[in-house]
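These notes are about the structure you will find just below.
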Amino acid sequence: MRGNDVILEDLSMNFGDFVAVQPTDLKINAGEFFSILGPSGCGKTTILRMISGFLNPTRGRVVIGDKDMSGIRANARPTALIFQNLALFPLMSVRDNIAFGLEARGISKKVRYAKAEELLDLVALDGQGDKLPTALSGGQRQRVAIARALAVEPSVLLLDEPLSALDLKLRQHMRAELKDLQRKTGVTFIYITHDQGEALTMSDRVAVMNKGVVEQVATSDEIYAHPKTPFVASFVGEQNIFKGKVVGKENGYAILETSHGKLFGQNTHGLNEGEEAILFVRPERMSLEEKQGQQNGLSAVLERRDMEGPFVNLHMRAGDQSIAIHVTNVAQTHQPLGADQKLWFSAQDAVVMRPGELASE
Amino acid sequence: MNSLIKSYGKGLTSIFLGLTAIWIVVLIVLPQLSMIDRAFTFEDRGGAAATLAVEIDRAYEQVFQINIRLDELQAEKDDLIAGTSSAGQQEGASSLNPFAAPVPAPSGGASDLNPFGTPSAPQANDRSDLNPFGAPSVGSANTVSRTLAEIEAEEAPLLADKGDLEERIATLEAEEQATSDTVGVDKSYSLKNFTMMSSVHLQVFLATIGYALCVTILAFALCYPVAYAVATTTSRNKVAILMLGLLIPYAINELLRIFSWIMILEKQGILNGFLDLLGIINMEAGEGFRFVASNGAVFTVMVYAYVLFMVFPIYNTIDTLDKNQIEAAKDLGASTWRIHWRVVLPHAKPGIAVGAIMTFMLSAGSIAVPSTVGRGLHPDWFSQVIYRRFFEADNWNQGAAYSLALLVACIIFIMFNMWVFRVGIRDIAK
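Which chain is which? The protein sequence lines are A and B, in order. Letter by letter, the first sequence follows residues 1 to 361 of my numbering. Letter by letter, the second sequence follows residues 362 to 791 of my numbering.
See below:
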């Protein structure tokens with residue numbers, strides 16, 4: 001098995017007046033674990049269906065491994081789709097499920113069953129071939145779906161939130177398995193999800209989508225540390241958000257006049273003085289003790305303390321603004337409720353952007 | 362039961378259960394029991410005695426024939442013994458012959474009156490020689506050569522036969538006496554109502570089962586694509602329109618729906634009118650196809666009449682199919698045919714079974730369609746035979762037996778269906 005690259009050229013999709021996917025150009029490398037992350041209704045599934053061939057794009061085209069896919073139907077494309085609900089055939093045995101793609105290609109029973117056994121081995125389900133899918137656990141069904149998709153030796157595997165139905169523990173386990181399987185097979189994985197945890201942990205690269213537009217394509221670290229748009233900043237991970245006006249800029253930093261005084265942050269959008277702006281800073285980058293080089297400081301009252309385990313989530317209030325801080329649970333800490341506190345964060349950890357759409361909570 | 366009491370209270374629940382019990386007993390169990398009782402009650406309606414009488418008559422007739430032959434042989438024997446010839450037997454024959462009667466030829470004036478002027482009198486006198494009736498004993502010359510032994514050889518088996526027949530007549534008459542004593546009196550439980558089914562009725566019975574199967578298969582072939590299309594369409598409006606299109610015709614009385622087909626299929630009907638319009642036939646010249654009273658017409662109308670009972674169960678099952686499975690199969694490279702054969706049909710099995718059972722039962726028991734469209738002529742439906750047994754032959758027992766036979770055939774079909782489709786009562790109830 002070998003992966004192929006997938007290129008989307010000016011790809012767009014309209015349903016009547018509704019634009020599900022704005023014209024999009026995207027290159028997914030061969031053998032890459034690529035995720036498309038976005039809230040429901042952002043058009044990510046539409047893109048997936050256009051790649052798999054179930055939808056014909058309004059404009060543009062899909063190219064897989066240098067081959068234009070226009071006019072090629074779903075059953076003739078080198079892609080395999082894993083459905084959100086898996087869509088295993090409930091009346092067929094696990095073995096028949098896995099062998100179905102080969103059966104459709106007219107391969108003899110002996111050969112396709114041998115292949116099915118091989119795949120059952122790969123997904124650690126050996127000996128379960130005679131069972132019906134309903135007799136398996138959620139994680140096992142998941143693996144059957146993957147084995148069924150891999151049986152036809154696709155060069156691109158499309159996954160439509162296949163883990164969303166699993167419980168947390170199993171989901172975390174399956175993430176590792178999927179990643180492992182992708183590395184073993186070398187097939188290009190395109191993974192659709194609204195769960196940023198899945199996208200960030202598994203993917204080589206992530207595309208963040210909102211309202212039919214791909215807002216940013218980058219590695220997980222890049223997306224988290226250097227979001228390009230307010231939507232990406234607010235959708236991926238948690239953020240404390242301060243609104244204000246740019247009053248000055250120096251060395252790539254902007255000075256923001258807010259209701260909590262002047263705050264410094266990276267001027268990613270190159271804003272000029274007088275422009276409206278928002279400043280994002282992540283809860284784990286704020287601290288209660290002043291450290292070296294932390295230019296930003298503001299005072300707030302501790303309202304609630306949530307013990308999360310590895311960290312403590314402190315809910316503070318500064319005027320009408322609520323602020324969250326994550327304090328790593330490395331030493332016994334105790335913060336008295338209702339006490340006035342001073343908060344600190346460095347300008348390097350804060351991002352100043354032009355106002356735009358934020359991800360709704 | 363407990364949940365019923367919980368939600369409706371004891372009073373309402375007992376009323377509900379009581380009404381259900383009454384309904385089951387009065388409207389299902391009792392009539393059916395009465396039907397079964399009738400079916401197995403053989404009431405001698407004199408049919409057996411009549412059959413015996415006919416047989417006795419036949420035997421007497423045979424004895425009579427033998428007697429005539431024996432008399433002839435006896436006469437021949439007498440002749441042989443007397444040694445006399447049969448010559449001179451013809452004397453006086455011409456005078457007895459009515460054709461040989463001499464036409465009166467009075468005055469010569471008669472010939473003047475004859476417009477044709479044919480002198481007939483002398484010719485008439487000559488006719489006696491030509492008369493075929495005037496030579497009755499031409500054959501007797503052949504028998505002359507037979508010996509006495511030969512005649513007796515023919516006589517012996519005839520006598521033996523006669524003896525046998527007379528013996529048989531005696532027993533038959535005794536039997537007749539015994540049966541006629543019991544006519545209209547003797548009612549006994551027996552299988553006679555079933556075993557006495559004539560071969561014609563049996564043929565109609567088997568043909569009806571076959572026809573009903575044909576209708577079921579036709580209905581399935583028509584309904585499956587429709588049900589699939591309606592169930593898989595994504596547009597809400599389309600579903601509504603298709604459903605209305607299927608449902609509205611069923612708001613109309615069944616008989617009216619059947620008669621609308623008569624309007625179409627009759628010789629002066631719409632279909633022939635259409636063919637006339639196309640110039641294929643000339644209706645004014647009396648041309649036209651008689652579509653009614655044929656298998657095709659009855660099947661068509663029946664499929665139309667019962668199509669909903671096939672569409673809806675199939676639609677319901679396909680509707681519950683996870684459409685992702687169809688896409689998954691497609692994505693894995695399956696052809697349309699394979700998707701249906703491996704994914705859709707297996708899922709729709711319970712619906713197909715229910716649809717097939719309903720359509721089969723309805724068409725096997727249909728009487729309105731065959732009598733209206735088939736005109737009671739062709740194809741003859743078993744339900745019509747049952748009707749005639751009840752109300753024309755006035756033999757309720759046999760009618761009950763016939764309808765029980767049809768019921769049993771239908772139950773066997775249901776069992777067979779459930780076995781073929783591997784579905785249980787539970788699946789069907791769903």
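C-beta: ideal position from N, C-alpha, C; glycine also.
Where DSSP assigns a beta bridge to K67(A), which residues make up the other side?
-> Residue 67(A) sits at position 67 when you count from the first residue of the first sequence. BP columns for K67(A) point to I64(A).
Does DSSP put V734(B) in a helix, in a strand, or in coil?
-> The residue you call residue 734(B) lines up with position 373 of the second sequence. V734(B) falls in the coil class under three-state DSSP.
Nearest to T678(B) by CA position, among P711(B), K684(B) and W780(B), is which residue?
-> Counting from 1 along the second sequence, the entry for residue 678(B) is found at position 317. Selected option, being the one with the closest Cα: P711(B).
Scan the region 686 to 703 of chain B for residues whose Cβ lies nearer than 8 Å to a Cβ of chain A and list them as they occur along the chain.
-> Q686, E688, A689, A690, K691, D692, L693, G694, A695, S696, R699 and R703
What is the DSSP secondary structure of M92(A), counted as helix, strand or coil?
-> Residue 92(A) sits at position 92 when you count from the first residue of the first sequence. Reduced to three states, the DSSP call for M92(A) is coil.
Using a Cβ cut-off of 7 Å, pull out every chain B residue sitting near A74(A), in sequence order please.
-> Locating residue 74(A) in the first sequence gives position 74, counting from the first residue. The contacting residues are K691 and D692.
Using DSSP bridges, identify the partner residues of A253(A).
-> Taking the first residue of the first sequence as 1, we reach residue 253(A) at position 253. The identity of residue 253(A) in the sequence shown is Tyr, whereas the question assumes Ala. The partner list for Y253(A) (beta bridge, DSSP) reads E250(A) and Q266(A).
Delimiting residues of the alpha helix (DSSP H) encompassing T46(A) | Your numbering for residue 46(A) matches position 46 in the first sequence. Where T46(A) is concerned, the enclosing alpha helix (DSSP H) stretches over K44 to S52.
With 7 Å as the limit, tell me which residues of the region 567 to 592 of chain B have their beta carbon closer than that to any beta carbon of chain A; keep them in chain order.
-> Result list empty, no residue passes.
Any chance the region 341 to 353 of chain A sits against the region 288 to 305 of chain A, with 3 or more Cβ pairs inside 8 Å?
-> Under the three-pair Cβ rule at 8 Å, the region 341 to 353 of chain A counts as touching the region 288 to 305 of chain A.
Assuming I51(A) contacts L158(A) (C-beta within less than 8 Å), just tell me the rounded distance between them.
-> Your numbering for residue 51(A) matches position 51 in the first sequence. Your numbering for residue 158(A) matches position 158 in the first sequence. Contact flag correct, Cβ pair sits at about 6 Å.
What residue range is occupied by the uninterrupted beta strand (DSSP E) comprising R379(A)?
-> Beyond the ends of chain A as shown, which are 1 and 361, falls residue 379(A); an answer cannot be given.
In chain A, what lies closer than 7 Å to D683(B) by C-beta?
-> The residue you call residue 683(B) lines up with position 322 of the second sequence. Ordered by position in chain A, the residues that pass the 7 Å Cβ test against D683(B) are N85 and A87.
Beta-carbon neighbours of P707(B), restricted to chain A and to distances below 7 Å | Locating residue 707(B) in the second sequence gives position 346, counting from the first residue. By Cβ distance, chain A contributes L91.
For G101(A), decide whether its Cβ has a neighbour in chain B, counting only Cβ atoms nearer than 7 Å.
-> Residue mapping note: residue 101(A) aligns to position 101 of the first sequence, counting from 1. Taking CB atoms only, G101(A) has a neighbour in chain B less than 7 Å away.
Looking only at DSSP bridge pairs, what is W344(A) linked to?
-> As a position in the first sequence, residue 344(A) is number 344, starting the count at 1. Beta-bridge pairing links W344(A) to S287(A) and G297(A).
Inter-residue Cα distance where the pair is V591(B) and V6(A) | Position 230 of the second sequence, counting from 1, holds the residue named residue 591(B). Position 6 of the first sequence, counting from 1, holds the residue named residue 6(A). The straight-line gap from Cα to Cα measures roughly 36 Å.
Sub-7 Å separation of E238(A) and P283(A) beta-carbons = In the first sequence, the residue the question calls residue 238(A) occupies position 238. In the first sequence, the residue the question calls residue 283(A) occupies position 283. Pairing E238(A) with P283(A) gives a Cβ-Cβ distance under 7 Å.
Once you ignore the five residues that flank Y253(A) on each side, which residues in its own chain have a CB closer than 7 Å to its CB?
-> As a first step, residue 253(A) is located in the first sequence; it is residue number 253 there, counting from the start. Its chain contains F264, G265, Q266, N267 and A347 as the residues whose beta carbon lies nearer than 7 Å to that of Y253(A), once the 5 sequence neighbours on both sides are disregarded; these appear in chain order.
Thinking C-alpha only, which one of E433(B), I512(B), L579(B) and A539(B) is nearest A410(B)?
-> Indexing the second sequence from 1 puts residue 410(B) at position 49. Nearest option by C-alpha distance: A539(B).
Listed from N- to C-terminal order along the chain, which residues in the region 24 to 55 of chain A have their beta-carbon within a distance smaller than 7 Å of any beta-carbon of chain B?
-> Answer set for the region 24 to 55 of chain A: S52 and F54.
List the residues of chain B that A104(A) touches, going by C-beta distances under 8 Å, in chain order.
-> Within the first sequence, numbered from 1, the residue matching residue 104(A) stands at position 104. Result: A690, L693, G694, A695, S696 and R699.
When the Cα of D167(A) is compared with those of I47(A), P227(A) and Q142(A), which residue comes out closest?
-> The residue given as residue 167(A) occupies position 167 in the first sequence. Of I47(A), P227(A) and Q142(A), the residue nearest in Cα terms is Q142(A).
Which of helix, strand or coil does DSSP assign to S368(B)?
-> Position 7 of the second sequence holds residue 368(B). Helix, per DSSP.
Can you tell me whether I82(A) is buried or exposed, with buried defined as 16 or more other CB within 10 angstroms of its CB?
-> The residue given as residue 82(A) occupies position 82 in the first sequence. I82(A) is buried by the Cβ-count criterion.
Name the chain B residues that come within less than 9 Å of L298(A), Cβ to Cβ?
-> By 1-based counting over the first sequence, the position of residue 298(A) is 298. Neighbours of L298(A) on chain B: none; closest Cβ ~51 Å, over 9 Å.
Between the Cα of R171(A) and the Cα atoms of E257(A), G65(A) and G139(A), which residue gives the shortest distance?
-> Here the question's residue 171(A) lines up with position 171 in the first sequence. Looking at the Cα atoms, G139(A) is the closest of the given residues.
Which listed residue (I325(A), I241(A), A176(A) and M316(A)) has its alpha carbon closest to that of S360(A) | For the purposes of this step, residue 360(A) is taken as residue 360 along the first sequence, with counting starting at 1. Closest by alpha carbon: I241(A).
Which parts of the region 649 to 714 of chain B are runs of the alpha helix (DSSP H), unbroken and 4 residues or longer, counting only runs that do not cross its ends?
-> Segments of the alpha helix (DSSP H) lying fully in the region 649 to 714 of chain B: 656 to 681, 684 to 692 and 697 to 700.
Using a beta-carbon distance below 7 Å, is L150(A) in contact with chain B?
-> Reading the first sequence from its first residue, position 150 is the one you call residue 150(A). Output row for L150(A): interface = no.
Would you mind giving the Cβ-Cβ distance between V144(A) and L122(A), rounded to the nearest angstrom? I have them listed as a contact below 8 Å.
-> In the first sequence, counting from the first residue as 1, residue 144(A) sits at position 144. In the first sequence, counting from the first residue as 1, residue 122(A) sits at position 122. Between L122(A) and V144(A) the Cβ distance is about 11 Å, and since that is not below 8 Å, they are no contact.
Could you work out which residue in L533(B), L567(B) and R419(B) is closest to W742(B) when comparing CA atoms only?
-> Position 381 of the second sequence, counted from the start, is the residue given in the question as residue 742(B). The shortest C-alpha separation from W742(B) is found at L567(B).
Pick out the complete alpha helix (DSSP H) segments inside the region 574 to 619 of chain B, 4 residues or longer, and give them in chain order.
-> 597 to 608
So, does the CB of L81(A) fall closer than 7 Å to a CB anywhere in chain B?
-> Taking the first residue of the first sequence as position 1, residue 81(A) is located at position 81. For L81(A), the answer is yes, since a Cβ of chain B falls inside 7 Å of its Cβ.
Cα-Cα separation between I623(B) and V653(B), rounded to whole angstroms | Here residue 623(B) is taken as the residue at index 262 of the second sequence, counted from 1. Here residue 653(B) is taken as the residue at index 292 of the second sequence, counted from 1. The alpha-carbon atoms of I623(B) and V653(B) are separated by roughly 7 Å.
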